[in-house]
Ligand SMILES: *Cc1c(COP(=O)(O)O)cnc(C)c1O
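Numbering (our numbering), first residue to last: 54 to 474.
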């Protein structure tokens, strides 16, 4: 996929005169158009929903745009449930897929009318004790263990993953939930991260569809929806191909027709909780080259660091880097493009072929719209950058300001320090 940026060099340069780097920029038009393609592809199912994984881009302005495009949310914590509420997401379109969940978070989700997705068999009893009953709708997270192979390194092998229930536990869980009066049932799984192969999702769908049939045969419980989790990848590298949503939908539909329809389970809701493909390609980290260093390697130092985007440092993840105004220049230099953290893994790009970078150049880090700003941190006293949104009318608006020193010190009682001896 050719890497693009939605502002011209002149537009970006003018913008940074009034709004200093570093910042995240999101493209509203790109997000909306992509979401419409995704929805259209899956409209071949009788009921389809995308619950955007809030953790990927926890900004209520973005959530509001996605809600307008028909999305619900998938939340992993109480603050994410609250963000969904702030963004006006309908309560029954919020799925709470948490793990090691504190009782008060279950209470909040239940009182709020959100769908609770349980991560363990023992949580049935925990939830019942916490709420005094079970909710009318419940979902269980399936861990297929050794039954699912070929998983990639971010999530790892299912049998080594802490998430979900085993196959035997799933059957027993639905039996118990039914006995206890639960009326609507979901079946969730998430076994991949950043996967680009459509066949992988068809295989996963087959696995959960077969389990839905087995649940019906063994317990009489009719599954109302399956939630295929997230994990649809994006082409971070220019030579990778984007996942064809139509192809994924059609391959899953073929499994649906083979398994779900003959078992009498049609209509079955097909849900996703994708984060990465929804906002990832439509967000960029924009920073400025402020230093160059010539030692054993050539370094370009940015005014940003891995506190703003930790994927390269944490996973060795590739993020494409381009230099504003030099898109067509020859990549005849080799640089490590680095941030200011006192950690040597703070490198946005390692030994990357790029055009010559001069001090003051605007450096664009691509595909940062999911798991980007969201994973930021304050180690080394770093203040995280803000976020701006390019509206469809071409205006750029701030949707999160940058952090200040006061934000960083907000949890400290500074008067207390003065008196402390
Ligand atoms: C992280 C996560 C997602 C979103 O994953 P993406 O790779 O961003 O699509 C969805 N569901 C659960 C349970 C997750 O942990």
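Here a beta-carbon is modelled for each residue, glycine too, at the ideal position from N, C-alpha and C. Here the structure is a predicted model, which means the values were calculated and not measured.
In terms of Cβ geometry, residue 283 and residue 106 form a close pair [threshold 8 Å]. Rounded to the nearest angstrom, the Cβ distance from residue 264 to residue 240 is 6 Å, consistent with a contact under 8 Å.
Under the three-state reduction of DSSP output, residue 74 falls in the coil class, being neither helix nor strand. Under the three-state reduction of DSSP output, residue 389 falls in the strand class. Rounded to whole angstroms, the separation of the alpha carbons of residue 366 and residue 167 is 35 Å.
Of all alpha-carbon atoms in 143, 346, 385, the one lying nearest the alpha-carbon of residue 119 is that of 143. A direct Cα-Cα distance of roughly 45 Å separates residue 328 from residue 471. Residue 276 sits buried, since 16 or more C-beta atoms from the chains shown fall within 10 Å of its C-beta.
Placement of the Cβ of residue 106 at a distance of less than 7 Å from at least one heavy atom of ligand 1 is found. Between residue 387 and residue 401, the C-beta gap is not smaller than 8 Å, which leaves the two residues out of contact.
C-alpha of residue 285 to C-alpha of residue 175: approximately 30 Å in a straight line. Residue list for ligand 1: 106, 108, 109, 127, 129, 150, 243, 246, 247, 282, 283, 284, 285, 326, 327, 328, 329, 330, 423, 424 (CB closer than 7 Å to any heavy atom, chain order). If you check the CB distance, residue 255 and residue 304 come in under 8 Å.
Residue 224 places its beta carbon 8 Å or farther from that of residue 269.
Under the Cβ criterion (8 Å, minimum of three pairs), the segment 407-424 counts as touching the segment 106-115.
Excluding sequence positions up to five before and after residue 302, its CB lies within less than 8 Å of the CB of 94, 95, 97, 98, all in the same chain and listed in chain order.
By the CB criterion at 8 Å, residue 89 and residue 125 fall outside the cutoff. By the Cβ test, the segment 312-331 is not in contact with the segment 70-79, since fewer than three Cβ pairs between them sit closer than 8 Å.
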